[in-house]
Ligand SMILES: [Fe+2]
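Numbering (the working numbering), first residue to last: 48 to 458.
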């Protein structure tokens with residue numbers, strides 16, 4: 048009979064296994080850019096996390112699967128020791144995929160033993176490890192998508208669950224919120240990362256927030272109106288990046304004779320005009336908002352509006368593998384799922400922030416410079432990973448994540 052921790056452990060580990068079922072060993076070994084990692088590395092690194100932070104310190108008779116894996120699969124934990132450089136993860140043809148899968152099984156067997164006695168300290172650490180693995184499930188998908196986008200055959204990485212007919216998107220409306228003194232941040236109960244804490248008061252001026260995400264159709268209007276060629280719409284760093292990278296459309300848009308196509312995990316498909324725009328950088332989102340005469344939301348505004356909603360939407364488990372059009376008439380829809388929403392909030396510490404003790408203190412806090420917060424999760428985010436207070440963060444030039452935007456304005 049399995050306890051709750053063991054059940055959660057096998058559910059998450061199994062979900063990772065299912066995500067790579069349709070991938071070949073060659074698919075899983077390649078690395079398409081420095082920001083992305085091979086799927087094989089994700090499989091090993093998530094396993095390394097359980098081995099390093101749970102089995103080695105808390106299971107006295109545990110012997111590491113391989114001393115060398117301690118270096119190969121450490122991501123960024125300086126206090127744990129030496130690391131293999133991130134841009135060279137794709138060069139690790141050894142260990143082979145079979146050995147990495149053996150490593151997963153080996154660690155799983157010991158994890159089953161260590162979680163058997165239901166110690167709270169262990170259960171809490173397993174919870175961190177599972178949330179970590181869920182984050183890597185999304186990264187595995189976004190990294191595979193980037194890798195496959197470099198293949199002129201445009202292969203589909205994932206099979207679709209079912210085809211939902213393309214819906215018309217609801218008319219864009221701005222809804223008013225009073226603001227005032229509000230509370231944001233993680234609640235006491237349940238899992239949260241240190242960067243979501245402590246819960247605290249903050250003051251918001253009255254604001255308006257769009258009822259849905261910005262659509263591909265609206266993005267086409269931005270392009271047609273010279274959005275990518277008018278420097279006045281862009282932040283200086285953004286304009287320099289736009290010129291240097293020769294941006295003219297979102298990352299996975301391809302212009303063909305029959306019109307705009309969009310490459311996704313399910314292959315190359317005609318652009319769905321009503322679906323939310325996706326794979327845009329902060330700079331592009333910001334330029335679009337300026338072109339619209341509006342602005343990006345603050346993360347506190349997003350959290351306040353989303354707090355009243357149930358966490359449901361187009362997440363990984365729906366197996367749509369791409370964002371879908373908003374169809375309901377509710378005042379604020381698509382807050383959860385579909386695409387991560389860029390906010391104008393710099394990723395920084397909340398008042399009273401304290402990093403976790405020990406090596407896990409390196410998980411979030413040390414990245415609090417030069418990045419922006421994204422909210423709400425995407426079609427590649429496991430639903431159990433999502434919380435109202437969850438803060439994702441990326442650099443403003445990055446666009447290989449499922450990132451889009453929602454408009455806001457001051458009242
Ligand atoms: Fe990690």
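By construction, the Cβ of each residue, glycine as well, lies at the ideal position given by its N, Cα and C atoms.
All of these numbers come straight from a predicted model, not from anything done at the bench.
With 16 or more other Cβ atoms inside 10 Å of its own Cβ, residue 185 counts as buried. DSSP assignment within the stretch 225-292 yields the following whole beta strand (DSSP E) runs of 3 residues or more, N-terminal first: 227-231, 247-251, 254-257. Taking 7 Å as the cut-off, one finds at least one heavy atom of ligand 1 near enough to the beta carbon of residue 183. Rounded to the nearest whole angstrom, the C-alpha separation of residue 165 and residue 174 is 12 Å. For residue 181, the enclosing alpha helix (DSSP H) covers residues 167-196. For residue 453 and residue 252, the gap between their C-alpha atoms comes out near 18 Å. By the Cβ criterion, the stretch 273-291 is not in contact with the stretch 216-235, since fewer than three pairs of Cβ atoms, one from each stretch, lie closer than 8 Å.
C-alpha of residue 355 to C-alpha of residue 420: approximately 20 Å in a straight line. The stretch 142-149 makes contact with the stretch 87-103, as at least three CB pairs between them are under 8 Å.
Ranked by Cα distance from residue 206, the first of 384, 167, 314 is 314. Taking 7 Å as the cut-off, one finds at least one heavy atom of ligand 1 near enough to the beta carbon of residue 92. Distance from the CA atom of residue 147 to the CA atom of residue 67, rounded to whole angstroms, is 13 Å. Annotation: the stretch 373-433 contains the following complete segments of the beta strand (DSSP E) (minimum length 3 residues), in chain order: 387-393, 419-422. By the criterion of at least three beta-carbon pairs nearer than 8 Å, the stretch 325-335 is in contact with the stretch 437-449. For residue 307, the beta-bridge partners assigned by DSSP are 302.
Only residues of its own chain outside the window of five on either side were considered, and among them 306, 308 have a CB closer than 7 Å to the CB of residue 317, listed in chain order. Residue 136 is positioned such that its CB atom lies closer than 8 Å to that of residue 78.
Judged by DSSP secondary structure, residue 96 falls within the alpha helix (DSSP H) whose first and last residues are 86-97. In this structure, the beta-carbon distance from residue 425 to residue 324 does not fall below 8 Å.
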